[in-house]
Amino acid sequence: MTKILHIISDSNIGGAGKYLINYLENCNKDKFDVKVVLPTNSKLISEISKLGFSYIQIEGLAEKTFSKLAVKLLKKIFTEEKPDIIHAHACLSARVAARMSRVPAIIYTRHTDAQRSKLLTNPIGKLANRFLNGYLADGIIAVSEAAKKNLLDTGISEKKIKVIYNGVNSVEKVDDETRKQIYKNFNLEYGEKIIGIVARLEEIKGHEYFIDAAKIVQDKGYSAKFVIAGTGSREEFLKDYAKKNEVNNVIFLGFVHNISDLNNIMYLQINASLYEAVGLAVLEGMRLGVPAIVSSYGGNPELTKNGVNGYVVNGQSSEEFADKIILLLNDNNLYRKLSEGSINEFNKHFTASMMTENMENYYMEILEGKK
Numbered sequence: 006m007t008k009i010l011h012i013i014s015d016s017n018i019g020g021a022g023k024y025l026i027n028y029l030e031n032c033n034k035d036k037f038d039v040k041v042v043l044p045t046n047s048k049l050i051s052e053i054s055k056l057g058f059s060y061i062q063i064e065g066l067a068e069k070t071f072s073k074l075a076v077k078l079l080k081k082i083f084t085e086e087k088p089d090i091i092h093a094h095a096c097l098s099a100r101v102a103a104r105m106s107r108v109p110a111i112i113y114t115r116h117t118d119a120q121r122s123k124l125l126t127n128p129i130g131k132l133a134n135r136f137l138n139g140y141l142a143d144g145i146i147a148v149s150e151a152a153k154k155n156l157l158d159t160g161i162s163e164k165k166i167k168v169i170y171n172g173v174n175s176v177e178k179v180d181d182e183t184r185k186q187i188y189k190n191f192n193l194e195y196g197e198k199i200i201g202i203v204a205r206l207e208e209i210k211g212h213e214y215f216i217d218a219a220k221i222v223q224d225k226g227y228s229a230k231f232v233i234a235g236t237g238s239r240e241e242f243l244k245d246y247a248k249k250n251e252v253n254n255v256i257f258l259g260f261v262h263n264i265s266d267l268n269n270i271m272y273l274q275i276n277a278s279l280y281e282a283v284g285l286a287v288l289e290g291m292r293l294g295v296p297a298i299v300s301s302y303g304g305n306p307e308l309t310k311n312g313v314n315g316y317v318v319n320g321q322s323s324e325e326f327a328d329k330i331i332l333l334l335n336d337n338n339l340y341r342k343l344s345e346g347s348i349n350e351f352n353k354h355f356t357a358s359m360m361t362e363n364m365e366n367y368y369m370e371i372l373e374g375k376k
């Protein structure tokens, strides 16, 4: 049996944490012995425990890509555990410790399409980054072609990179009585057309464009409710922004524990991000037939195809978002086509079982290449 340690620095359950949970729910336990190393008191612990996996908590890891303390503690763990593979979720500390501990295979996942540092895109920086990643990684998983390009632009060898799309688990649509209860739970009127954005309330997620689009739809007399699910540092700013601009059709839901509930009543989902590798929220809606209108940044155009399961628009144009929203509010036949297309695209490309199978095949490919 192949022993794998996943190392993640998240204290909260973000995109990387959901990715890990989706993998654990689908991994081949007959072939892989999997354990997770994570920060002390991480919110991921309860989720990992529910799934029956072992975990190790350490100090010095939380929200840090590199920490001398984390390297020291991880070296000790790797020496004791003797994994065949460590899979780091970014986490440079884990890769350094693994190489120092002579772990046979080191893999890490690039979860973001973040803005590239100028330091890493000049010739000297690219060369240094290429050497560093060549030494500290035997394989790199990019969660989209956009994430792969981000890596290539910082000098990393294409031979090191494997694109494996994120996946989420399938869920069933709920019945009408349950839908009525979900509306009630969110203090929404049953039957309202719900247009939602699910994202941390941070600048890169583009919430202003969503609010401005809601204002345009409102002022043109359309009846729809725009909901914002998530928390973050800009919560008060965005609430004030909506109030000052007299946007009356926007509701802030705060942190939503069960996104499937929200997706079961959502008419359209919006992703207005300025940087996005793969929007898990888009996939979570797609599996239930919720068409998406997304910005043209990062991996969004890889998930959403114009006229198939949604639309890609200029991410800095609230007018374009509003135009597509109004188009679908007016055309039920087009809406049904995109809804069916969403489910079809999800089943063909983005299930968690597909992601997991591709990851585990890659594990063995890397491990075999090291022998």
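Going by my numbering, the final residue of the sequence shown carries number 376, and the count climbs one at a time with no gaps.
In this text, a Cβ means the ideal position worked out from N, Cα and C, and glycines have one as well.
This one's a predicted model, so the numbers in the text were calculated from it and none came from an experiment.
Residue i, DSSP secondary structure in three states
i	result
I275	strand
D38	strand
P306	helix
F83	helix
Y316	strand
Y195	coil
A247	helix
S98	helix
T7	strand
T356	strand
A67	coil
N263	coil
S59	strand
L339	helix
L334	helix
F255	It is Val, not Phe, that sits at residue 255 in the sequence shown. Strand.
V287	helix
S300	strand
A282	coil
N311	strand
L293	coil
I18	coil
I13	coil
Straight-line Cα distance separating residue j from residue i
i	j	result
S54	V41	10 Å
H354	K376	31 Å
E281	G20	11 Å
L66	K81	14 Å
V39	I90	10 Å
Y188	Y195	6 Å
T183	V176	14 Å
R100	T361	21 Å
N17	N254	30 Å
A75	V252	47 Å
N1	K249	Shown here, the chain extends from 6 to 376; a query on residue 1 therefore has no answer.
H2	K198	Given that the chain is displayed from residue 6 to residue 376, the structure contains no residue 2 and the question cannot be resolved.
I50	M359	25 Å
S300	V108	40 Å
N171	G304	11 Å
C96	N319	32 Å
K8	V148	23 Å
M291	I12	29 Å
F215	L288	19 Å
E208	P306	20 Å
E64	H92	19 Å
G315	E345	11 Å
T126	T114	20 Å
S228	E150	37 Å
L332	R239	30 Å
A277	L56	33 Å
L193	L206	21 Å
S265	D180	13 Å
Y60	F191	35 Å
N134	E163	13 Å
L4	G226	The structure shown does not extend to residue 4, since the chain is modelled only from 6 to 376, so the question has no answer here.
L78	S106	11 Å
D336	V283	28 Å
D158	I112	19 Å
L43	S98	12 Å
Expected contact under 8 Å - CB spacing of residue i and residue j to nearest Å
i	j	result
F71	A103	With 8 Å as the limit, F71 and A103 do not qualify as a contact, their Cβ atoms being about 13 Å apart.
A357	N31	5 Å
K167	Y28	About 15 Å; that fails the 8 Å criterion.
H94	L25	7 Å
G160	K131	3 Å
E85	S14	Incorrect: roughly 20 Å between the Cβ atoms, too far for contact.
A152	I371	18 Å between Cβ atoms; not a contact.
E365	F37	7 Å
L334	K23	Their Cβ separation, rounded to whole angstroms, is 30 Å, which puts L334 and K23 out of contact at 8 Å.
Q) Which runs of the alpha helix (DSSP H) fall wholly inside the region 114 to 173 and span at least 4 residues, in chain order? A) Runs of the alpha helix (DSSP H) inside the region 114 to 173: 123 to 126, 128 to 141, 150 to 157.
Q: Would you check if the region 231 to 239 and the region 252 to 262 touch, i.e. whether three or more CB-CB distances between them fall below 8 Å?
A: Contact holds: three or more Cβ-Cβ distances are below 8 Å.
Q.
Tell me whether the region 141 to 153 and the region 312 to 328 touch, counting them as touching only if at least three CB pairs, one residue from each stretch, are closer than 8 Å.
A. Counting Cβ pairs under 8 Å, fewer than three are found: no touch.
**Q.** contact_flag[the region 267 to 286, the region 237 to 251] where n(CB pairs < 8 Å) is 3 or more
**A.** Counting Cβ pairs under 8 Å, fewer than three are found: no touch.
**Q.** Those runs of the alpha helix (DSSP H) which lie wholly inside the region 171 to 240 and span at least 4 residues
**A.** Correct list: 181 to 190, 212 to 224.
Q: Assess, as a yes-or-no matter, whether the region 218 to 225 is touched by the region 201 to 208 under the definition of 3 or more beta carbon pairs within less than 8 Å.
A: When Cβ pairs closer than 8 Å are counted between the two stretches, the region 201 to 208 is seen not to touch the region 218 to 225, the count staying below three.
Q.
Tell me whether the region 340 to 350 and the region 296 to 308 touch, counting them as touching only if at least three CB pairs, one residue from each stretch, are closer than 8 Å.
A. The region 340 to 350 is in contact with the region 296 to 308.
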